[in-house]
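J.: Supplied in structure tokens, the structure appears directly below.
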Amino acid sequence: IDSEDDLLQECISSAMPKKK
Amino acid sequence: PTPPYVKWAESLHSLLDDQEGIHLFRMFLRQEACGDVLDFWFACSGFRKLEAAEGNEEKKVKLAKAIYKKYILDNSGIVSRQIKPATKSFIRDCVAKLHVDPAMFDQAQTEIQAAMEENTYPVFLKSDIYLEYT
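Each protein sequence line maps, in turn, to chains A and B.
The opening position of the first sequence corresponds to residue 1 in our numbering, with each subsequent residue numbered one higher.
The opening position of the second sequence corresponds to residue 1001 in our numbering, with each subsequent residue numbered one higher.
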């Protein structure tokens, strides 16, 4: 489960805008 | 220049294009017990980015399964409740057949985005969190 949650968090973070 | 918080009120996309705006919106959504909706919206965007990258086939299947299990499988969940049954069935079939389609979450993301634009986003712009920030 951890690895699934980690994978989800990595995926969500990859879609976030970079700091302006 | 226009202050960021004024841009956030122009459209949901303007809000979701700014880290500070996302942080504030997420705080508001968590107060309303629907933080998963925003996480799901970003997970769909992240999935599309990963899909566009070469290779990682196993990771793509694993991620598609994780998104499905976390947000769609449980029909009583805040995200699943706002996605049409036909859209959920399509995603379930893709996951079951291990046929990871790059656009498999696009329709679900569109439906969740429409729900945010119709409900939580306008309420956020009237919320204490946003008004105190401005």
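Note that the Cβ used here is the ideal one computed from N, Cα and C, for glycine as well.
What you are looking at is a predicted structure, and each value in this text was computed from that prediction instead of being measured.
Select from B/Thr1110, B/Glu1132, B/Thr1134 the residue whose C-alpha is nearest the C-alpha of B/Ser1045.
T.: B/Thr1110
J.: Just the chain A side, please: which residues come within less than 9 Å of B/Gln1019 by C-beta, in chain order?
T.: Met16, Pro17, Lys18, Lys19, Lys20
J.: Between B/Tyr1130 and B/Phe1124, what straight-line distance do the alpha-carbon atoms span, to the nearest angstrom?
T.: 7 Å
J.: So the candidates are B/Gly1035, B/Pro1003, B/Ala1103; which of them puts its Cα closest to the Cα of B/Tyr1121?
T.: B/Gly1035
J.: So that I know if they touch, is there some Cβ in chain A lying closer than 8 Å to that of B/Asp1036?
T.: no
J.: State buried or exposed for B/Leu1098, treating a residue as buried only when at least 16 other CB atoms are found within 10 Å of its CB.
T.: Counting C-beta atoms within 10 angstroms of its own C-beta, B/Leu1098 has fewer than 16 neighbours from the protein chains shown and is therefore classed as exposed.
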